[in-house]
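Have a look at the structure below, then the notes.
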Amino acid sequence: MNQEIIYIISAIFVVSWIFQAVHYLYVLGAFNRYKNAEVSGKLPPLSVVICAKNEAANLKKFLPGILEQDYPEFQVVVVNDTSTDETELVLAEMKNNYNNLYYTFIPVDKKFFHGKKLALTLGIKAAKYDHLVLTDADCYPASKEWLRHMAGTFTDTKKIVLGYGGYEKHKGLLNLMVRFETFWNAVQYFGFALTVRPFMGVGRNIAYEKQLFTDSSQFRNNLSVASGDDDLFIIEAGTKQNTTICSIPESHTLSIPPKTLQELRIQKSRHLTSSVHYPFSIKLWLFFEFLTRQLFWLLTVCSIIFSIFAPIAGVLFAVLIIIKLTVLSKAGNKLRQGKLFWALLLFDWLIPIWIGILWISNLLRPKRIKWK
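Listed below in structure tokens is the structure:
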């Protein structure tokens, strides 16, 4: 092989190695270095906001666990978003048993399509308290202290709290991929919030002050975007100064995971619709993370097959994998994710390919992505 080509490949390999090492040690590693804030003794009154679209079964199963939280003063606001199932009946029956439940609805209008942001906007406007905690209808708290930990992280300066929204553990490779990606993404957005700048959270578990929503233009300006009720809002309203994280296991929420590849494809495609609206600096960093990750794996394989600097490549590969596994192992212990970090060996190279295919698919068929 031409010597110049070998030098170019070697340079790309080293640059990819450095970027990946920095990303893990500096960004993701910041989560491991962070000490969870103690729960404040002053707990503000809360409004929990949930948007529900044909979620009668999930509301009946999971809503009591939210309504019965161990918290001094809170209400739960549920927005019934054009549901055609028994959501209205379920909510009406629960209202008889829970005084802290309030619900409203959006009627079906075949001439007007709207995304989740409209339902969330109505729910937040209906909330009577200034501190909000958001979750989804298919989520349930990991403990009765969920609200205490999320709200107890608020301070005079910290007005946004990013929480962890995991998925139930089931058998199968698909479930493993869903849980690993969710875990990895959480460690990343926790790390970004602590180092670079907050750029996303998850609507399954996030808290912020109502005034931040009132001042935000993201919902009004991006109503047509199928996703972004969490990340686009955080990008506009969040700063390193006003944003914090809450990763205590008792503060987690759990969700029903997608059961088929098709369900996962629809979910991830919807989530990706907001990524094009990220600031250039965030898009650039995330692009280089994906690119260098794939280049590192590809060039490692090539170096072994074609015997190009194979010994050095083997050592660098081993060192980087050890760095990644060590960082994720510590993060997994903090989040009580067990041995999930070992899934890195399979999904570290596979997930970027999957996301890339979905991203291209979204570009080719953007109108098919809707809030369901």
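In terms of our numbering, the sequence shown opens at residue 30 and continues consecutively.
Cβ atoms here follow ideal geometry from the backbone N, Cα and C, with glycine treated the same way.
If we ignore side chains and look at the alpha-carbon of each, how far apart do L290 and Q32 end up?
Near 44 Å, if we compare the C-alpha coordinates of Q32 and L290.
Between which two residues does the alpha helix (DSSP H) holding S76 run?
For S76, there is no enclosing alpha helix (DSSP H); the enclosing beta strand (DSSP E) has its first and last residue at 75-81.
May I have the straight-line CA-CA distance separating T133 from N109, to the nearest angstrom?
Annotation: T133 to N109 spans about 6 Å, alpha carbon to alpha carbon.
So the beta strand (DSSP E) T273 belongs to, where does it begin and stop?
Looking at the DSSP string, the run of the beta strand (DSSP E) that includes T273 is 272-274.
Is there contact here, the segment 51-61 with the segment 355-364, by at least three beta-carbon pairs under 8 Å?
Touching, per the Cβ criterion.
Enumerate, from N- to C-terminal direction, the unbroken beta strand (DSSP E) stretches of 3 or more residues contained entirely within the segment 139-193.
Entirely contained in the segment 139-193, the beta strand (DSSP E) runs reaching 3 residues are, in chain order, 160-165, 168-170, 189-191.
Exposure of F103, with buried meaning 16 or more beta-carbon neighbours within 10 Å
The residue in question, F103, is buried, as its Cβ has 16 or more Cβ neighbours within 10 Å.
Excluding the five sequence neighbours on either side, which residues of its own chain have a C-beta within less than 6 Å of the C-beta of L163, listed in chain order?
Once the five neighbours on either side are set aside, the close Cβ partners of L163 are V78, G232, I235.
Any 3 or more C-beta pairs closer than 8 Å across the segment 160-179 and the segment 123-130
Short answer: they don't touch.
CB-CB under 7 Å to H52, same chain, minus the five flanking residues each way: which ones, in chain order?
Excluding sequence neighbours, H52 sits near E318.
Note the first and the last residue of the continuous beta strand (DSSP E) segment covering T289.
Per DSSP, T289 lies in no beta strand (DSSP E) and is assigned neither H nor E.
Expressed to the nearest angstrom, what Euclidean distance is found between the alpha-carbon atoms of V348 and I47?
In this structure, the straight-line span from the alpha carbon of V348 to that of I47 is close to 11 Å.
Below 8 Å between beta carbons: does that hold for L88 and V119?
Cβ atoms of L88 and V119: closer than 8 Å.
Buried or exposed: F9, going by 16 or more other Cβ atoms within 10 Å of its Cβ?
For residue 9 there is no data in the structure shown, the boundaries of the chain being 30 and 401.
Helix, strand or coil, according to DSSP, for L130 in the structure here?
Correct three-state label for L130: strand.
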